[in-house]
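Novice: A single structure is presented below for examination.
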Amino acid sequence: MNAPRLPNVTRRNLLLGTGALVVSFSLKDHAFAQEGELNVPAKPPEPVAAGPKLPGSLADTPSLDAWIRIDADSSVTVYTGKAELGQGTKTSLRQIAAEELEVPPASINLITADTAITPDEGFTAGSQTVQNSGTAIRNAAAQVREILIQQASGKLQVPADQLKAQNGRIAGPDGKSIGYGEVVMTDMLHVDAQPKSKLKSPDAYEYIGKPFARVDIPAKVTGGPAYVQDMRLPGMLHARVVRPPSWFATLKDIDTASIKAMPGVVAVIRDGNFLAVAAEKEFQAVQAMRALTGLAEWEEKPRLPNEQDLPAVLQRSESEQGVVAEAGGDFTGGVKTFSAQFMRPYQMHASIGPSCSVAHLDNGTMTVWTHTQGVYPDRKAIAQMLGMPLDKVRCIHTEGSGCYGHNGADDAAGDAALIARALPGRPVKVQWMRDQEHLWEPYGPAMLTKVSASLDASGKIVNWKYDLWSNTHSARPGSAGALLPGQLMEPGYPPDKPVMSITPLGNGDRNAIPLYSIPNLRVLWHFIADMPVRVSSLRGLGAYANVFSIESFMDQLAKEAGADPVEFRLKHMEDPRARKVISTAAEAFNWSSNPMPEGRGRGFAFAKYKNHAAYLALAMEIDVDKETGKIRVPRIVSAVDCGEAAAPDSIRNQTEGGIIQSLSWTMYEEVNFDNTRIRSSDWSTYPILRFSAVPGTLDVHIVDNPGSPYLGVAEAAQGPTSAALANALANATGKRLYNLPFSPARVKATLGV
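The working numbering runs 25 ahead of the 1-based position in the sequence shown.
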């Protein structure tokens, strides 16, 4: 893959001197806050006159040419500040734009996150791409279409209400038409978005809601240039970093003379505890890295907690208590009270492809190609780390291994930039090794939850108390202290201080409030500011553990009430859309409470992601081999309502992927460590789900709501999957597991085998 060499490109330069639809705009200079994923509030906007709020991300970047560009040849370019992370963004956003612009999706040139030319939409996280960026693009496209019609009206001398856009042209009732490019060459338009758009009605859709082949798949399945790992630039050097053997380790003096004399080695870079080597060829860099690792002497410090005592460690580490939700308050009237405790370990992103980045310092500008989830926050962190002006750093999103949160992508970008600064004029590619990815990426935080609830004489829940112990689920870039090289360099930047922030959007407390109707309720977050291991965002943040806990406990309560699990949920659910999703999944699964053969069980779970995004219900059938403790999943049926189903294939893909990833977390994944080092350095010490364990059948039923707002769907399956598996296991064996993961050893121990 040959990346464009455009270190000084700006949107304004692109527009100058061209026949194009140009609309004035101004991009904000700060990263937008992303749901529950920033430690500090975003910079407050300057006061503006009150008025109707613009839809989606138009509220932050209101000018239409920040989103849509039409050239003199009628070609269409759409800009998004969001990144393609494997969720199908490059396809779904084309469908949305094409619908309102009346052009085929394949004809649209979509440009994703690039600090030089796209809007700043913060992080691609929290299942917000279609909901925010898609909404902005759709409304911008609809308004551009109407502008084109108005301009064509004068050109064709036909009233605007008699014209329509079709296939890149404006046509009149007499058959005369004019291309988009002919209109924009005549009139240079400068307008901001309006609060209301003339959107197409669902019954007129040609592209939204229709299946389309993913545009990013062909290169990925044929070995074409698809990822940042595939980049090859003229004169590019290959670099490898040498990480400390453990966190808190300090590098002593090291003699690098022998390394510098190795074939192909161009430089050895040391900056405090940051150590790296650059060479002409990749394997030369690998050999030099291995030799350098053997020469490096480190002083290590045993600072990790007792892995076997994590619940107590979490409770002892509490630094602040916050009220997430409180209702009612008269915690009386219950006939029976039940309690349970649940535990989630540290877990990895465990990206199949280790992180990679390319950086190039040329003419005073640092260009970084990175698979970060936030190019603007990454640019800010890298600029601070290097001591460079913000406008001299450009970050371009380039696809890489799936991250699903804050993995090693930003750190690799920082590595590449720090090394490239020492080697100006030559592009530098940094590729992490497998053990580096496992040992140094930020982990999903461990979580402890405790829940207590009371049932009245009719079997309804009247009291609910929920406590969770967790630290922040985000240490994303924004400052140099969020980058590994920023922490390791001399003098080094300290990590940002975590702060507790309770919002409706959620962090560790995401989905901690049950959606069910419960008169007396209290939810507390016991916040842990300091943790001995590096943690940050992992898909779903706290929702995975919270939904696992809540939905597992709902099954326990249903059993105590002598009720069917599905009927018990419906008995406590008032939201009609939630009820429909629950009923749809149960009916499609052919749900029943009838006894199953020995060793086989069924489980059900539901959640509305973040309590304001997609609804998802899931039914699962499992087989348990009591002798080996292994779990097999022959069948899963889910139903999902994410508002208007703009791209049904993408919805199914993301839901299927989320279910499979959650199965892997729930059955296999756990970071192990001793008092000094992380021990999960490879796939044998950190096993994940393999193809042989994929469900026999996995059906996703989309509950469509045409014309309704888009709701984020990408992370909706994480919690319900874990709980449905826990409930199926209890149904199959009569024993319930409260601690994740459900490894064969843990299953056998619980069953007393």
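Ideal placement from N, C-alpha and C gives every residue a C-beta, glycine not left out.
1) Pull the bridge partners of Arg657 from the DSSP assignment, please.
2) Would a C-beta distance cut-off of 9 Å place Lys773 and Thr653 closer than the cut-off?
3) Based on DSSP bridge pairs, tell me the residues matched to Ser495.
4) Check for me: the beta strand (DSSP E) holding Ser202 runs from which residue to which?
5) Three-state secondary structure (DSSP) at Phe148?
6) Relative to the alpha-carbon of Lys115, which residue among Phe767, Ser132, Gly358 has its alpha-carbon at the smallest distance?
7) Assign Trp465 to one of three DSSP states: helix, strand, or coil.
8) Please classify Pro269 as buried or exposed, where buried requires at least 16 other C-beta atoms within 10 Å of its C-beta.
9) Using alpha carbons as the reference points, say which of Ser561, Ser382, Leu643, Thr775 lies closest to Glu424.
10) Compare the Cα-Cα distances from Phe573 to each of Asp600, Thr497, Gly628 and report the closest residue.
11) Cutting at 8 Å between CB atoms, please list the residues of its own chain near Ala15, excluding the five before and the five after it.
12) Less than 9 Å separating the beta-carbons of Asn134 and Ser100?
13) Rounded C-beta distance between Asp492 and His551? I'm assuming under 8 Å.
14) Short check: CB of Asp589 to CB of Ser542, under 9 Å?
15) Let me know the secondary structure DSSP gives Glu515 once reduced to three states.
16) Take Ala165 and list the residues in its own chain whose beta-carbon comes closer than 7 Å to its own, dropping the five residues that flank it on each side.
17) Quick one: residues in its chain with C-beta nearer than 6 Å to the C-beta of Ser675, no 5 flanking neighbours on either side, listed in chain order?
18) Between Gly106 and Ser344, what straight-line distance do the alpha-carbon atoms span, to the nearest angstrom?
19) Applying the 10 Å Cβ sphere with the 16-neighbour rule, what's the burial state of Phe716?
20) In the DSSP assignment, what are the bridge partners of Arg547?
21) From this set, Pro766, Val725, Arg657, which residue's C-alpha is nearest Ala718's C-alpha?
22) Taking only heavy atoms of the ligand ADP into account, decide whether any of them is closer than 8 Å to the Cβ of Ser542.
23) Tell me the rounded alpha-carbon separation between Met579 and Asn752.
24) Tell me whether the region 482-490 and the region 259-276 touch, counting them as touching only if at least three CB pairs, one residue from each stretch, are closer than 8 Å.
25) Would Ser380 be called buried (16 or more neighbouring beta carbons within 10 Å of its own) or exposed?
26) Going by beta carbon distance, what residues of the same chain come within less than 7 Å of Leu776, once the five residues before and after it are set aside?
27) Can you tell me whether Ile377 is buried or exposed? The criterion is at least 16 other CB atoms within 10 Å of its CB, across all chains shown.
28) Applying the criterion that 16 or more other CB atoms from any shown protein chain within 10 Å of the CB defines a buried residue, is Phe308 buried or exposed?
29) Report the option in Met261, Asp296, Val291, Leu262 whose CA atom is closest to the CA atom of Asp278.
30) Quick one: grab the DSSP three-state call for Phe593.
31) Within this structure, are the beta carbons of Ala206 and Asp96 separated by less than 9 Å?
32) Under the three-state reduction of DSSP, which class applies to Lys454: helix, strand or coil?
33) Suppose the cutoff is 8 Å on Cβ atoms and the five residues either side in sequence are ignored; what does the same chain contact list for Gln346 look like?
34) By the 10 Å Cβ neighbour count, where 16 or more other Cβ atoms means buried, how is Pro539 classified, buried or exposed?
35) Thinking C-beta only, is Asp436 closer than 9 Å to Leu509?
36) Beta-carbon within less than 6 Å of Ala613's beta-carbon, same chain only, minus the 5 sequence neighbours each way: which residues are those?
Specialist: With the given structure in hand:
1) Asp648
2) yes
3) Phe552
4) 202-204
5) coil
6) Ser132
7) helix
8) buried
9) Ser382
10) Gly628
11) As shown, the chain starts at 26 and ends at 778. That puts residue 15 outside it, with no answer to give.
12) yes
13) 6 Å
14) no
15) coil
16) Leu83, Leu89, Trp92, Ile93, Ala218
17) Gly113, Ser117
18) 36 Å
19) exposed
20) Glu351, Lys490
21) Arg657
22) The model depicted lacks the ligand ADP and carries no ligand whatsoever.
23) 9 Å
24) no
25) buried
26) Lys651, Thr758, Lys760
27) exposed
28) exposed
29) Asp296
30) helix
31) A small fix is needed here, since residue 206 is Gly in this sequence, not Ala. Yes. Within cutoff.
32) strand
33) Leu549, Trp550, His551, Phe552
34) buried
35) yes
36) Val662, His726
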